[in-house]
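Have a look at the structure below before the remarks.
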Amino acid sequence: MSEQIHQTFNIVLVGQRSVGKTSILLRFVDDEFIGNTNATIGLDTRDVNVEIDDQFVTLHLWDTAGSELFSSMPSTTYRRADGLMIVYDCTDLISFEKVQEWLITVRKYAPEDVQIMLIGNKIDLITQRQVSTIEAKNYADKHGFDFIETSAKTSDNISSAFEILTRSILQKSEERLIQPPPESPPVIVDEPNHSFGKPKKCCER
Ligand code: GTP
Ligand code: MG
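Counted the way my numbering counts, the sequence shown spans residues 584 to 788.
In structure tokens:
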């Protein structure tokens with residue numbers, strides 16, 4: 584056990600059904616890929632402790648249902664979000680087009696300064712690609728989002744996605760901390776599950 588003052592950030596994963604939100608989360612938290620995940624019903628949450636730039640951070644991850652049939656996400660989940668991952672499937676153009684709809688909901692409920700990352704998942708399915716990297720990158724740039732392509736199956740960029748978004752959230756929270764809140768007692772956390780270490784060249788923003 585190590586004693587650290589740490590912050591907790593809420594990160595919400597949204598996107599159309601079957602784009603791989605649950606698979607991304609499971610790959611990051613448990614380092615496993617289940618080929619036949621069930622559709623998420625309602626909301627699932629997982630906590631993970633990470634170390635980033637010598638800071639200990641707890642990520643409270645919210646896995647949402649992409650299917651309207653199973654969706655019951657209260658607007659409070661958005662309101663509490665520090666970070667949002669809007670996920671689409673690189674092999675499914677419609678899931679990319681739907682990003683715009685998710686964005687409308689996000690803009691409606693989430694805090695104005697929420698950090699948003701656009702994620703194109705399933706890059707391992709090379710021959711089935713329907714959304715080009717450049718098209719998605721241009722979209723993300725236009726909106727000022729972080730952008731990354733991942734594969735929950737092969738694990739490509741999964742850790743980097745969380746690292747980049749956490750770094751963006753930390754940066755934003757440091758800006759807010761210029762006006763420190765009233766003192767609260769330090770919180771003791773377990774050893775982190777993930778250590779991101781020092782910033783890598785590829786992740787500099
Ligand atoms: P909902 O909970 O219904 O919103 O879906 P979801 O976005 O959580 O998708 P889920 O993680 O359940 O994955 C849907 C299907 O895509 C499953 O069969 C996964 O095995 C598969 N899948 C997820 N990520 C990848 C990936 O990176 N590559 C490949 N090839 N398949 C993936
Ligand atoms: Mg799911």
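Ideal Cβ placement from N, Cα and C applies to all residues, glycine included.
| task | With DSSP collapsed to three states, give me the class of H589. | result | Start at 1 with the first residue of the sequence shown, and residue 589 comes out as number 6. Looking at H589 - three-state DSSP - the assignment turns out to be coil, as it is neither helix nor strand.
| query | With a Cβ-Cβ cutoff of 8 Å, do I731 and N740 count as a contact? | reply | The sequence position of residue 731 within the sequence shown is 148, counting from 1. The sequence position of residue 740 within the sequence shown is 157, counting from 1. Closer than 8 Å, so yes.
| So Q638 is in the beta strand (DSSP E); what residue range does that whole segment cover? | As a first step, residue 638 is located in the sequence shown; it is residue number 55 there, counting from the start. Start and end: 638-647.
| Taking C-beta to C-beta, are L686 and D646 nearer than 8 Å? | Here residue 686 corresponds to residue number 103 of the sequence shown, with the count starting at 1. Here residue 646 corresponds to residue number 63 of the sequence shown, with the count starting at 1. No, the pair does not count as a contact, with Cβ atoms beyond the cut-off.
| Pair within 8 Å by beta-carbon distance, L608 and E615 | As a working mapping, residue 608 is identified with position 25 in the sequence shown. As a working mapping, residue 615 is identified with position 32 in the sequence shown. It is not a contact, given that the beta carbons lie outside the stated cut-off.
| What distance in whole Å lies between the Cβ atoms of G666 and V602, which are believed to be in contact at a cut-off of 8 Å? | For the purposes of this step, residue 602 is taken as residue 19 along the sequence shown, with counting starting at 1. For the purposes of this step, residue 666 is taken as residue 83 along the sequence shown, with counting starting at 1. With 8 Å as the limit, V602 and G666 do not qualify as a contact, their Cβ atoms being about 17 Å apart.
| task | Note down, in chain order, each residue of its chain lying with its Cβ closer than 7 Å to the Cβ of N621, except the 5 sequence neighbours on either side. | result | Start at 1 with the first residue of the sequence shown, and residue 621 comes out as number 38. Taken in chain order, the list of residues that qualify is empty.
| field | N- and C-terminal bounds of the beta strand (DSSP E) containing L667 | value | By one-based count along the sequence shown, residue 667 stands at place 84. From DSSP, the beta strand (DSSP E) with L667 extends over 666-672.
| task | May I ask whether a heavy atom of ligand 2 can be found less than 7 Å away from the beta carbon of D646? | result | Here residue 646 is taken as the residue at index 63 of the sequence shown, counted from 1. Correct: D646 has its Cβ closer than 7 Å to ligand 2.
| task | Confirm, please, whether the CB-CB distance from A664 to A693 is below 8 Å. | result | The sequence position of residue 693 within the sequence shown is 110, counting from 1. The sequence position of residue 664 within the sequence shown is 81, counting from 1. For A693 and A664, yes; Cβs fall inside 8 Å.
| Where does F592 land, buried or exposed, given buried means 16+ other C-beta within 10 angstroms? | Along the sequence shown, one-based indexing puts residue 592 at 9. Classification of F592: buried, given that the 10 Å Cβ count is 16 or more.
| Do V631 and ligand 1 come close, with the Cβ less than 7 Å from some heavy atom? | Walking along the sequence shown from the start, residue 631 turns up at place 48. Flag unset: Cβ of V631 not near ligand 1.
| task | Might you give, ordered along the chain, the residues of its own chain that have their beta carbon closer than 7 Å to the beta carbon of T641, omitting 5 neighbours on each side? | result | Here residue 641 corresponds to residue number 58 of the sequence shown, with the count starting at 1. Excluding residues within five positions, the ones whose Cβ falls inside 7 Å are H589, T591, D630, N632, V772.
| field | DSSP-derived helix/strand/coil call for E634 | value | For the purposes of this step, residue 634 is identified with residue 51 of the sequence shown, where counting begins at 1. Strand at E634.
| said: Run through the DSSP bridge pairs and tell me what L596 is partnered with. | reply: Translated into positions along the sequence shown, residue 596 becomes position 13. L596 pairs with D646, M668.
| task | Please name the residue, chosen from Q711, G625, D672, that lies closest to S789 on a Cα-to-Cα basis. | result | There is no way to answer for residue 789, as the model of the chain reaches only from 584 to 788.
| said: Less than 8 Å between the C-beta atoms of L676 and Q711, yes or no? | reply: On the sequence shown, residue 676 is found 93 positions in, with the first residue counted as 1. On the sequence shown, residue 711 is found 128 positions in, with the first residue counted as 1. Not closer than 8 Å, so no.
| said: According to DSSP, is D773 part of a helix, a strand, or is it coil? | reply: Stepping through the sequence shown from its first residue, residue 773 is reached at position 190. Reduced to three states, the DSSP call for D773 is coil.
| query | What did DSSP end up calling Q713 once you bin it into helix, strand or coil? | reply | Translated into positions along the sequence shown, residue 713 becomes position 130. Coil.
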